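*Asks:* Heads up: the protein sequence lines correspond to chains A and B, in order. Taking the working numbering, the leading residue of the first sequence gets 170, the next gets one more, and so forth. Taking the working numbering, the leading residue of the second sequence gets 6, the next gets one more, and so forth. Even glycine gets a Cβ: it sits at the ideal position worked out from N, Cα and C. No experiment lies behind these values; they were computed from the predicted model shown.
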Amino acid sequence: EPEVTQTPSHQVTQMGQEVILRCVPISNHLYFYWYRQILGQKVEFLVSFYNNEISEKSEIFDDQFSVERPDGSNFTLKIRSTKLEDSAMYFCASSGSREGQETQYFGPGTRLLVL
Amino acid sequence: AQSVTQLGSHVSVSEGALVLLRCNYSSSVPPYLFWYVQYPNQGLQLLLKYTSAATLVKGINGFEAEFKKSETSFHLTKPSAHMSDAAEYFCAVSDPSGGYQKVTFGTGTKLQVIP
C-alpha cells in the first residue's frame with residue numbers, strides 16, 4: 170500500500186540553526202500538508218500546498234517557516250532559525266484532492282528537538 | 006470554525022471489555038469526521054471516516070463509530086479490547102474554511118488495555 174515517508178525520523182539541532190524536514194508524499198497525490206504535535210498537545214495544522222503554492226497556512230506558520238516541492242517527489246519544510254518552542258513532532262500528509270471527505274494520509278513524523 | 010472535543014484524555018479498559026472513546030463535534034455545516042490512531046513512536050493512521058453516506062461507519066481493527074447529529078457526537082467503539090489496541094486516538098474534522106484544506110484534531114485519548 171502506498172505510504173507517505175519522512176526523513177529524518179529524529180533531528181537534534183541548536184537554537185538558531187536551520188533545519189529541513191523532508192517528505193515523500195504518495196505518488197499520485199496533489200495536495201500536501203504539514204502538521205506539528207508538540208509533546209503532550211494536539212496535532213496542529215501548519216500549511217497546505219498545491220500546484221507549487223501555499224494554499225492555506227495557520228498563524229503558527231510565520232516567516233521562519235517555508236515549504237517547497239523541489240522536484241517531482243519531495244516536499245520539504247524549512248525552519249530558518251529554530252527556537253526552543255519549535256521542538257515537536259512534525260507530520261507530513263498528502264491527499265488526492267481537497268474534498269472534505271478525502272483522507273489525508275500521514276507520514277510517520279520527524280521528531281525535532283531544539284537545544 | 007469546526008472543532009472536536011474528546012472527553013477523557015485517558016481511558017482504561019480490561020482486555021475483552023467494550024471500548025468507548027467519546028468525541029463531540031461543532032460544525033456550522035455537515036461535517037466530515039475522522040478517527041485516527043497513533044501507536045507509540047509512530048505516525049497517524051486512519052481508523053475510519055464519516056462522509057455522510059452512512060451513520061454507522063466501520064473501520065479497521067474492529068472499530069466502528071456512529072454519527073449522531075442530534076447529539077453532535079461521533080463516538081468510537083469496539084466490542085472487545087485487545088492489548089494491541091493500546092494507543093492514542095484522535096477524533097478529527099475536516100475544516101471547510103479555505104476549502105477543506107486542513108484537518109482539525111481533538112486533544113486525543115490515550116487508551117490503556119489492562120490484561
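Can you tell me whether B/Thr60 is buried or exposed? The criterion is at least 16 other CB atoms within 10 Å of its CB, across all chains shown.
*Replies:* With fewer than 16 other Cβ atoms within 10 Å, it is exposed.
*Asks:* Per DSSP, what kind of secondary structure is A/Glu285 in: helix, strand or coil?
*Replies:* This structure does not reach residue 285 of chain A, given that chain A is present from 170 up to 284, and the question cannot be answered.
*Asks:* Under a CB-based cut-off of 8 Å, is A/Glu228 close to chain B?
*Replies:* It does not: the Cβ of A/Glu228 has no partner Cβ on chain B nearer than 8 Å.
*Asks:* Using the DSSP secondary-structure output, state which residues sit across from A/Arg191 in a beta bridge.
*Replies:* The partner list for A/Arg191 (beta bridge, DSSP) reads A/Thr176 and A/Thr245.
*Asks:* In chain A, which residues lie with their C-beta within 7 Å of the C-beta of B/Phe110?
*Replies:* The contacting residues are Lys211 and Val212.
*Asks:* Write down the C-beta distance between B/Ser57 and B/Pro35 rounded to the nearest angstrom, noting that I regard them as a contact closer than 8 Å.
*Replies:* So it is a contact: roughly 6 Å between Cβ atoms.
*Asks:* Leaving aside the five residues before and after B/Val62 along the sequence, list all residues of the same chain whose C-beta is less than 8 Å from its C-beta, in chain order.
*Replies:* Excluding sequence neighbours, B/Val62 sits near Leu53, Lys54, Tyr55, Glu69, Ala70, Glu71 and Phe72.
*Asks:* So, for B/Phe39: in the same chain, excluding its five sequence neighbours on each side, which residues have a beta-carbon less than 6 Å away from its beta-carbon?
*Replies:* Result list for B/Phe39: Lys54 and Ala97, in chain order.
*Asks:* Just curious, the beta strand (DSSP E) that A/Ile223 is in, first and last residue?
*Replies:* That run of the beta strand (DSSP E) goes Glu222 to Lys226.
*Asks:* Are the beta-carbon atoms of B/Ala86 and B/Tyr44 separated by less than 8 Å?
*Replies:* Against a cut-off of 8 Å, the Cβ pair of B/Tyr44 and B/Ala86 comes out as no contact.
*Asks:* Going by Cα to Cα distance, which pick from A/Glu172, A/Val236, A/Thr176 and A/Tyr219 is closest to A/Met258?
*Replies:* Here the closest residue by C-alpha is A/Thr176.
*Asks:* Given that a residue counts as buried once 16 or more other Cβ atoms are within 10 Å of its Cβ, and exposed if not, what is A/Asp232?
*Replies:* Its Cβ having fewer than 16 others within 10 Å, A/Asp232 is exposed.
*Asks:* Comparing C-alpha positions only, which one of B/Val108, B/Pro120 and B/Leu116 sits nearest to A/Glu213?
*Replies:* When only C-alpha atoms are compared, the closest one is B/Val108.
*Asks:* Just the Cα atoms here: how many angstroms apart are A/Lys247 and A/Phe218?
*Replies:* One C-alpha to the other measures close to 14 Å.
*Asks:* Anyone know if the C-beta pair for A/Gly209 and A/Thr251 falls short of 8 Å?
*Replies:* Going by C-beta atoms, A/Gly209 is not nearer than 8 Å to A/Thr251.
*Asks:* Listed in chain order, which residues of the region 64-78 of chain B have Cβ atoms closer than 8 Å to some Cβ of chain A?
*Replies:* Answer in chain order: no residues at all.
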